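Chains as they are written, first to last, in my numbering: chain S, 1 to 368; chain L, 369 to 736. Just so you know, even glycine gets a beta-carbon here, dropped at the ideal spot from N, CA and C. It should be emphasised that the depicted structure is a prediction, and the values quoted were computed from it without experimental measurement.
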């Protein structure tokens, strides 16, 4: 499965793109949402259920898996695919974002980042080379370069230094690769348009298999995210996949698809599910509300998912109230189904040259 | 589905019985283990998975469901079968055992029991009539009479009074039934052989659809459980099902099958699973142990379940360590599969007149 990807642009409608990502022996239709499988499992969901819904590509977290069970252990157990019994595509992040958000960060040098594990306080270093080594031990189909993740807002001078470091790390990541697995560069530059462009251009000089936009969806205003995505996506290589990291909300997904993004990941689908927040095309509902106590209707009348075909809101509310594991299971299933359908509908609209009206109709119906 | 059951004794080998329980439109092969679905779900498992494993009859808890979401709510949502999307058999207990073990018990009178909910402290009374009303609202296929559950050891005089009360409540439960749903009596009498027999005889004078042995598996020595089961099971009506409540451990199950018991329930299969304790024919294993860290073998090499066919001990240990919901899912699935297979093997041995040697071989292989 470890062969280079091929992205075919099938059709575009404005900047929005419908493509085919040839990866891991599969034809993956884009735009695509990737469920997050932090610890070698998409939380509460089996690989068979992911297939049932139609997912072909999921995300694994390098930071978490390298700490527990350890990338050497995953390698000994046959790599991440075999370990978790998933024979479709896996993208792994570099671990950088989690070092910055979860670990106790001690130091950043030109060499790499030094931090303490959030699990046991162990002191660990993560260099571009080590990140690639971990990802090659996991043997993911798409690897990401280590990048520095700054919070927003950020001082311009600091950002300038940061993108220089990120480019340096990107080159080292590229040079460190020993496998045929794919590797994506990550555009940084905070909220500075010119620095974002500078970062993108520097990375495009390295022949990555795809390009991501990072450092967004970290608490900045939506305006900034939309502006940067709309600025950068169109200048990235036409015949390579474009990935907006950590996004997100259905409204943001459709905005970014409109800018020309092909790939997304976000914990929202499954995390919200576990908190009783369910996505529908009429907006989110909170299943814990008492008004659903005796409601015999499904989450969403028009939804064809297994959960909506078989269970009432009254039952789902009860499971949530009783803190039953089945609550997380059924809610996660429905939400993942929703995100899959949303991407399918977006693709269909692009192919039919009606993406803008599709998005407009969606926004009119969807109550955030 | 609310029609009277029919039990056919197909074959016996000593006291051990292989039967067919005609219930809820199904032919259910006995002896049978019933997974426990306390809150309207077998914990961590879907109804489709129960069917996949082959279960045809599960248990629901009257106490829990009457408190949350409330039996009236379940009734409004179509009864427990429809509520939880289960079209096979359901047995409900009377709620008595949980009142004694979970609720804050305030008073027992000839009328009934008075207690405070373990959820919100609400003061509630449970009479034989109310228990039947709840169970008829849930619309289970088999209902249980309200009985007094004494701990062991218990004073003889107290037990004597208790079985008189239990018989009185049993008659009132019988008289209170408005549906065609089945109703089982429950033999009590603690560890007194003569009182157990007295209780059984009094209940057999009432024409119940089946008979249970209660008040065992409550912390007494195994010897007492085996002695009482072996004393009472054989004197219960031959052409009605016999149910040993709350048992249990694989070794105890086989002991009780040997005494002529047809039905069992126990939370052990699923509770142990959530705690990482997995059943195999070689005994229990604790998946959390570090020796499984890099173990690529399945839980049990000879097991045909989905979990053993697809996942390694190394992966299952990791899921447990990472506190992933999938850990509870996969472990519960395997354990439920084990209990189903155990009962199937027991039945096969009875049909082939080799029950004792089967049990002996099992005990020789199984390390508790």
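Residue span of the alpha helix (DSSP H) that contains residue i, given as start and end
{"i": "residue 314 of chain S", "result": "313-321"}
{"i": "residue 39 of chain S", "result": "Looking at the DSSP string, residue 39 of chain S is not in any alpha helix (DSSP H), and its letter there is neither H nor E."}
{"i": "residue 229 of chain S", "result": "222-232"}
{"i": "residue 245 of chain S", "result": "No alpha helix (DSSP H) contains residue 245 of chain S, which DSSP labels as neither H nor E."}
{"i": "residue 568 of chain L", "result": "561-572"}
{"i": "residue 119 of chain S", "result": "From DSSP, residue 119 of chain S is part of no alpha helix (DSSP H); its letter is neither H nor E."}
{"i": "residue 252 of chain S", "result": "250-259"}
{"i": "residue 747 of chain L", "result": "Since the first residue of chain L shown is 369 and the last is 736, residue 747 of chain L is not available in this structure."}
Residue i versus residue j: straight-line alpha-carbon distance, rounded
{"i": "residue 452 of chain L", "j": "residue 406 of chain L", "result": "12 Å"}
{"i": "residue 293 of chain S", "j": "residue 433 of chain L", "result": "13 Å"}
{"i": "residue 454 of chain L", "j": "residue 510 of chain L", "result": "15 Å"}
{"i": "residue 276 of chain S", "j": "residue 251 of chain S", "result": "19 Å"}
{"i": "residue 705 of chain L", "j": "residue 714 of chain L", "result": "14 Å"}
{"i": "residue 508 of chain L", "j": "residue 271 of chain S", "result": "35 Å"}
{"i": "residue 125 of chain S", "j": "residue 113 of chain S", "result": "6 Å"}
{"i": "residue 459 of chain L", "j": "residue 221 of chain S", "result": "55 Å"}
{"i": "residue 682 of chain L", "j": "residue 548 of chain L", "result": "50 Å"}
{"i": "residue 583 of chain L", "j": "residue 556 of chain L", "result": "6 Å"}
{"i": "residue 194 of chain S", "j": "residue 235 of chain S", "result": "13 Å"}
{"i": "residue 305 of chain S", "j": "residue 327 of chain S", "result": "15 Å"}
{"i": "residue 503 of chain L", "j": "residue 675 of chain L", "result": "35 Å"}
{"i": "residue 735 of chain L", "j": "residue 51 of chain S", "result": "38 Å"}
{"i": "residue 651 of chain L", "j": "residue 137 of chain S", "result": "34 Å"}
{"i": "residue 572 of chain L", "j": "residue 461 of chain L", "result": "19 Å"}
{"i": "residue 81 of chain S", "j": "residue 47 of chain S", "result": "10 Å"}
{"i": "residue 258 of chain S", "j": "residue 53 of chain S", "result": "24 Å"}
{"i": "residue 339 of chain S", "j": "residue 554 of chain L", "result": "51 Å"}
{"i": "residue 423 of chain L", "j": "residue 402 of chain L", "result": "8 Å"}
{"i": "residue 430 of chain L", "j": "residue 463 of chain L", "result": "5 Å"}
{"i": "residue 523 of chain L", "j": "residue 552 of chain L", "result": "26 Å"}
{"i": "residue 560 of chain L", "j": "residue 442 of chain L", "result": "39 Å"}
Classification of residue i by the beta-carbon crowding that lies within 10 angstroms, buried from 16 upward
{"i": "residue 677 of chain L", "result": "exposed"}
{"i": "residue 71 of chain S", "result": "buried"}
{"i": "residue 709 of chain L", "result": "buried"}
{"i": "residue 623 of chain L", "result": "buried"}
{"i": "residue 88 of chain S", "result": "buried"}
{"i": "residue 153 of chain S", "result": "exposed"}
{"i": "residue 477 of chain L", "result": "exposed"}
{"i": "residue 369 of chain S", "result": "Within the shown structure, residues of chain S are numbered from 1 to 368, placing residue 369 of chain S beyond reach of any answer."}
{"i": "residue 349 of chain S", "result": "buried"}
{"i": "residue 240 of chain S", "result": "buried"}
{"i": "residue 329 of chain S", "result": "buried"}
{"i": "residue 469 of chain L", "result": "exposed"}
{"i": "residue 606 of chain L", "result": "exposed"}
Beta strand (DSSP E) segment containing residue i, residue limits
{"i": "residue 29 of chain S", "result": "26-30"}
{"i": "residue 580 of chain L", "result": "578-581"}
{"i": "residue 380 of chain L", "result": "374-381"}
{"i": "residue 106 of chain S", "result": "104-108"}
{"i": "residue 142 of chain S", "result": "142-144"}
{"i": "residue 162 of chain S", "result": "Careful: residue 162 of chain S lies outside any beta strand (DSSP E), inside the alpha helix (DSSP H) at 156-176."}
{"i": "residue 92 of chain S", "result": "89-92"}
{"i": "residue 652 of chain L", "result": "651-654"}
{"i": "residue 715 of chain L", "result": "Taken as a continuous stretch (DSSP letters only), residue 715 of chain L belongs to no beta strand (DSSP E), being part of the alpha helix (DSSP H) at 693-719."}
{"i": "residue 360 of chain S", "result": "Run containing residue 360 of chain S: none in the beta strand (DSSP E); it sits in the alpha helix (DSSP H), 355-365."}
{"i": "residue 71 of chain S", "result": "Unbroken run through residue 71 of chain S is the alpha helix (DSSP H), 71-76; no beta strand (DSSP E)."}
{"i": "residue 557 of chain L", "result": "Looking at the DSSP string, residue 557 of chain L is not in any beta strand (DSSP E), and its letter there is neither H nor E."}
{"i": "residue 20 of chain S", "result": "16-23"}
{"i": "residue 238 of chain S", "result": "Where residue 238 of chain S is concerned, there is no enclosing beta strand (DSSP E), given that its DSSP letter is neither H nor E."}
Residue i beta carbon near the ligand MG (any heavy atom closer than 7 Å)
{"i": "residue 497 of chain L", "result": "Although the ligand MG was asked about, the structure shown includes no ligands whatsoever."}
Within chain B, partners of residue i - CB distance below 8 Å
{"i": "residue 639 of chain L", "result": "In the structure shown, chain B cannot be found, because the protein chains are S and L."}
Checklist line | Segment contact flag, the stretch 527-547 of chain L with the stretch 497-505 of chain L, C-beta cutoff 8 Å, min 3 pairs | finding: Contact between the stretch 527-547 of chain L and the stretch 497-505 of chain L is present, because at least three Cβ pairs lie under 8 Å.
Check: For the stretch 455-478 of chain L, which residues have a CB atom closer than 7 Å to at least one CB atom of chain S, in sequence order?
Finding: Residues passing the 7 Å Cβ filter: none.
Item checked: Three CB pairs or more closer than 8 Å across the stretch 372-391 of chain L and the stretch 573-585 of chain L -> Between the stretch 372-391 of chain L and the stretch 573-585 of chain L there are three or more inter-stretch CB-CB distances shorter than 8 Å, so the stretches are counted as touching.
Checklist line | Contact residues within the stretch 392-422 of chain L, judged by C-beta distance below 9 Å to chain S | finding: For the stretch 392-422 of chain L, the residues whose beta carbon sits under 9 Å from a beta carbon of chain S are, in order, 406, 407, 408, 409, 410, 411, 412, 413, 414, 415 and 416.
Check: Taking Cβ-Cβ distances below 9 Å as the criterion, which residues of the stretch 292-315 of chain S are in contact with chain L?
Finding: Of all residues in the stretch 292-315 of chain S, 293, 294, 295, 296, 306, 310, 311, 312, 314 and 315 have a Cβ within less than 9 Å of some Cβ in chain L.
Check: Does the stretch 20-35 of chain S come within contact of the stretch 353-364 of chain S, defined as at least 3 CB pairs closer than 8 Å?
Finding: The stretch 20-35 of chain S vs the stretch 353-364 of chain S: no contact.
Notebook entry, point to check: Do the stretch 683-692 of chain L and the stretch 31-45 of chain S make contact, defined as three or more Cβ pairs closer than 8 Å?
Noted result: Contact annotation: the stretch 683-692 of chain L touches the stretch 31-45 of chain S, with at least three C-beta pairs closer than 8 Å.
Checklist line | Near-chain S residues of the stretch 686-697 of chain L (beta-carbon distance less than 8 Å), N- to C-terminal order | finding: Of all residues in the stretch 686-697 of chain L, 686, 687, 689, 690, 692, 693, 694, 696 and 697 have a Cβ within less than 8 Å of some Cβ in chain S.
Next item on the list: Compile a chain-ordered list of the residues in the stretch 71-84 of chain S whose CB is closer than 8 Å to at least one CB of chain L.
Entry: Listed by position along the chain: 73, 76, 77, 78, 83 and 84.
Notebook entry, point to check: When Cβ atoms are compared, which residues of the stretch 153-164 of chain S fall closer than 8 Å to chain L?
Noted result: Against chain L - using a Cβ distance shorter than 8 Å - the stretch 153-164 of chain S contributes no residues.
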